[in-house]
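Participant: Here the sequence shown is numbered in my numbering, starting from 447 and rising by one per residue.
Cβ atoms here follow ideal geometry from the backbone N, Cα and C, with glycine treated the same way.
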Amino acid sequence: MKKFIIKSRNFMLLAFCFAMVLPGCKKGDIPHDVPISTKRLVSGLKELQGSTVGPDKALYVTAPLDGTIWRIDPKTGAYAAFVTGLPKRIPDLFYIGSGVVDVAFRGKTAYALVTGVAPDLDGKDIVGIYRIDGPGSFSITADIGAWSAAHPPVPAFFVPSGFQYAFEPYKDGFIVTDGHHNRVLYVKLDGNISEVVAFADVVPTGLAIKDNTIYLTQAGPIPHEPEHARLIALSPKAPTPREIASAEGLEVALFVDVEFGHGNSLFTLAQGIWNGPFEGAPADPNTGALLLLKPDDTFKVIKDGLNQPTSMEFIGKTAYIISLAGEVWVINHISSSPYGD
447 MKKFIIKSRN FMLLAFCFAM VLPGCKKGDI PHDVPISTKR LVSGLKELQG
497 STVGPDKALY VTAPLDGTIW RIDPKTGAYA AFVTGLPKRI PDLFYIGSGV
547 VDVAFRGKTA YALVTGVAPD LDGKDIVGIY RIDGPGSFSI TADIGAWSAA
597 HPPVPAFFVP SGFQYAFEPY KDGFIVTDGH HNRVLYVKLD GNISEVVAFA
647 DVVPTGLAIK DNTIYLTQAG PIPHEPEHAR LIALSPKAPT PREIASAEGL
697 EVALFVDVEF GHGNSLFTLA QGIWNGPFEG APADPNTGAL LLLKPDDTFK
747 VIKDGLNQPT SMEFIGKTAY IISLAGEVWV INHISSSPYG D
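1. Based on Cα-Cα distance, which residue from K746, A699, G591 and P598 lies nearest to G545?
2. Would the beta-carbon of P728 fall within 8 Å of that of L770?
3. Is it buried or exposed, E689, if we count other Cβ atoms within 10 angstroms and call 16 or more buried?
4. Under the DSSP definition of a beta bridge, which residues are partnered with T555?
5. Sort out for me which residues DSSP pairs K656 with in a bridge.
6. Can you tell me which of the three DSSP states W775 falls into?
7. Consult DSSP for D566 and reduce its assignment to one of helix, strand or coil.
8. Name the residue from L491, V642, V776 and F551 whose alpha carbon lies nearest to the alpha carbon of Y525.
9. On a CA-only basis, which of A504, E697 and V642 is nearest P650? Give me that one, please.
10. Looking at C-beta atoms only, is the number of pairs between the segment 538 to 554 and the segment 599 to 606 that lie closer than 8 Å three or more?
11. Which same chain residues, not among the five before or five after T530, have their C-beta less than 6 Å away from its C-beta?
12. Could you round the C-beta distance between A588 and V630 to whole angstroms and report it? I think they count as a contact, below 8 Å.
13. Identify whether F540 lies in helix, strand or coil by the three-state DSSP scheme.
14. Report all residues from its chain with a CB closer than 7 Å to the CB of D566; omit the five preceding and five following residues, and keep chain order.
15. Between which two residues does the beta strand (DSSP E) carrying S586 extend?
16. Less than 7 Å separating the Cβ of G762 from some heavy atom of the ligand HEM?
17. Tell me whether I476 sits in a helix, a strand or coil according to DSSP, three-state version.
18. Taking 7 Å as the limit between beta carbons, can you name the residues of its chain near P687, skipping five residues before and five after?
19. Under 8 Å between the Cβ atoms of S698 and I719?
20. Based on DSSP bridge pairs, tell me the residues matched to P615.
21. DSSP has I719 in a bridge; who is on the other side?
22. From this set, G652, I768, V622 and E694, which residue's C-alpha is nearest V507's C-alpha?
23. Can you tell which of A665, P682, F645 and T498 has its C-alpha closest to the C-alpha of N658?
24. Excluding the five sequence neighbours on either side, which residues of its own chain have a C-beta within less than 7 Å of the C-beta of I731, listed in chain order?
25. Should K521 go down as buried or exposed, given a rule of 16 or more other Cβ atoms within 10 Å for buried?
26. So what does A526 bridge to, in DSSP terms?
27. So, helix, strand or coil for G490, using DSSP?
28. Who are the near neighbours of P667 in its chain, counting only those whose CB is closer than 6 Å to its CB and skipping five residues on each side?
29. Among the candidates G496, H627, L511 and L487, whose CA atom is the shortest distance from the CA of T756?
30. Three-state secondary structure (DSSP) at G709?
31. Identify every residue that forms a DSSP beta bridge with R688.
32. For R486, count neighbouring Cβ atoms within 10 angstroms of its own Cβ and tell me buried if that reaches 16, exposed if not.
33. Considering only the alpha carbon of each residue, which of P672, F613, E694 and L736 lies closest to Y661?
34. Of the residues G762, G734, V702 and L494, which one's Cα is nearest the Cα of G709?
35. Which residues mark the beginning and the end of the beta strand (DSSP E) in which S640 is found?
36. Taking its Cβ as the centre, do 16 or more other Cβ atoms sit within 10 Å of V702, making it buried, or is it exposed?
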């Protein structure tokens, strides 16, 4: 899950991600019998953002500057291009958060979420969901940019094609967040698009889906204060948002991802403290943190000092942290269930 949003003519690199309670979700403190360890698995790549675990249990990570999705061996860190040639983001920092920002699988077929590359942001490509057909080939599943321009949101906006942030497989399509148009979309594989829910200026970002419930985070407006980072839940059939928790009281904000760990423990990834000189600047380096949702709906810091993380994945009891700096970090022994699962 990854990523950055537009406000005015600047990108708000925002995003809070999931740390929430959900029906049937077990949450609690992590046992202390096994020490947490951290190591760098991958370095030297350019600006990484969205990620997923593929059907082969490898990591798949998007690189917006390259227009590439990398396949990474989670044990050795060896990486190879899974697909190249996707729309690249323009290198100027103004366009950060555009390009290929997320990746997901339906069965053995991969899909990419591409945003901020249409003519309304000086691009020449289609904003939407791309199906990966081969190492250098892909096709358009849904033109989200054209639909968004034809169906403008109620809140104020500046980019007609929107600025999508994350997507997750759902039924016969995908749930997609649009942080600029402040809404959640349902995009089917046949290209049909509908609005699930619209918000005021809350900036929906990361999402997860479990038991037919959508969980998503709201970044809130600049200056990204922790209390404006809200976790909500809603049903696609009855999309009345229900607030679960907020980041009030934390010393970090800019939540960028959420994942379930082993035993249904729920984790959120905070990019860090925002002191940006302009809208769109990332959080300060080395201020990010991995957080665990506790039974009282507050967060426990599992690991701090992370350098501008953008997304995360869990494989077994290990977390993989994807960084804007082009790195992947491994945090071991953090998601053993306190309930013995």
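Facilitator: So, from the listed chains and residues:
1. Counted from its first residue, the sequence shown places residue 545 at position 99. Taking only the C-alpha atoms, the option nearest G545 is G591.
2. Within the sequence shown, numbered from 1, the residue matching residue 728 stands at position 282. Within the sequence shown, numbered from 1, the residue matching residue 770 stands at position 324. Yes, the Cβ-Cβ distance between P728 and L770 is below 8 Å.
3. If you number the sequence shown from 1, residue 689 lands on position 243. Classification of E689: exposed, given that the 10 Å Cβ count is below 16.
4. The sequence position of residue 555 within the sequence shown is 109, counting from 1. Looking at the DSSP assignment, T555 forms a beta bridge with R552.
5. Start at 1 with the first residue of the sequence shown, and residue 656 comes out as number 210. DSSP output for K656 lists T659 as bridge partner(s).
6. Within the sequence shown, the letter at position 329 stands for residue 775. In the structure shown, W775 sits in a strand (DSSP, three-state: E or B).
7. Here residue 566 refers to the residue found at position 120 of the sequence shown. In the structure shown, D566 sits in a helix (DSSP, three-state: H, G or I).
8. Counting from one through the sequence shown, the residue named residue 525 turns up at place 79. Answer by Cα proximity: L491.
9. Position 204 of the sequence shown, counting from 1, holds the residue named residue 650. Measuring from the Cα of P650, the nearest candidate turns out to be V642.
10. no
11. For the purposes of this step, residue 530 is taken as residue 84 along the sequence shown, with counting starting at 1. Result list for T530: T514 and G582, in chain order.
12. Position 142 of the sequence shown, counted from the start, is the residue given in the question as residue 588. Position 184 of the sequence shown, counted from the start, is the residue given in the question as residue 630. Rounded, the Cβ-Cβ distance is 15 Å, inconsistent with contact.
13. Start at 1 with the first residue of the sequence shown, and residue 540 comes out as number 94. If DSSP states are grouped into helix, strand and coil, F540 belongs with the helices.
14. Working through the sequence shown from its first residue, we reach residue 566 at position 120. So the qualifying residues of the chain are V605, P606 and S607.
15. Numbered from its first residue, the sequence shown carries residue 586 at position 140. Residue 586 is actually Ile in this sequence, not Ser. That run of the beta strand (DSSP E) goes S583 to D589.
16. Among the components of this structure there are no ligands whatsoever, and the ligand HEM is therefore not found.
17. Counted from its first residue, the sequence shown places residue 476 at position 30. Since pLDDT at I476 reaches only 48, below the 50 mark, its modelled position is unreliable, and no value is offered.
18. Looking up residue 687 in the sequence shown gives position 241. Excluding residues within five positions, the ones whose Cβ falls inside 7 Å are V643, I678 and L680.
19. Within the sequence shown, the letter at position 252 stands for residue 698. Within the sequence shown, the letter at position 273 stands for residue 719. At residue 698 the sequence reads Val, which differs from the Ser that was named. Yes, they are a contact pair.
20. Indexing the sequence shown from 1 puts residue 615 at position 169. Answer is F620.
21. Your numbering for residue 719 matches position 273 in the sequence shown. According to DSSP, I719 bridges with nothing at all.
22. Taking the first residue of the sequence shown as position 1, residue 507 is located at position 61. Measuring from the Cα of V507, the nearest candidate turns out to be I768.
23. Stepping through the sequence shown from its first residue, residue 658 is reached at position 212. Nearest option by C-alpha distance: P682.
24. Taking the first residue of the sequence shown as 1, we reach residue 731 at position 285. One point to set straight first is that residue 731 is Pro, not Ile, in the sequence displayed. Hits under 7 Å: N753 and Q754.
25. What you label residue 521 is simply residue 75 of the sequence shown in a count that begins at 1. Exposed, by the Cβ-count rule.
26. Looking up residue 526 in the sequence shown gives position 80. R517.
27. Taking the sequence shown and counting its residues from 1, the one referred to as residue 490 is at position 44. Here G490 sits in coil by DSSP.
28. The residue labelled residue 667 in the question sits at position 221 within the sequence shown. Hits under 6 Å: D647.
29. By 1-based counting over the sequence shown, the position of residue 756 is 310. Ranking G496, H627, L511 and L487 by Cα distance to T756 puts G496 first.
30. Start at 1 with the first residue of the sequence shown, and residue 709 comes out as number 263. Here G709 sits in helix by DSSP.
31. The sequence position of residue 688 within the sequence shown is 242, counting from 1. R688 pairs with A679.
32. Looking up residue 486 in the sequence shown gives position 40. Label assigned to R486: exposed.
33. Counting from one through the sequence shown, the residue named residue 661 turns up at place 215. The residue with the shortest Cα to Cα distance from Y661 is F613.
34. On the sequence shown, position 263 is the one that residue 709 refers to. Cα-wise, what sits closest to G709 is G762.
35. Taking the sequence shown and counting its residues from 1, one reaches residue 640 at position 194. Segment I639 to A644, the beta strand (DSSP E) holding S640.
36. Working through the sequence shown from its first residue, we reach residue 702 at position 256. Counting Cβ neighbours within 10 Å, V702 comes out buried, since at least 16 surround it.
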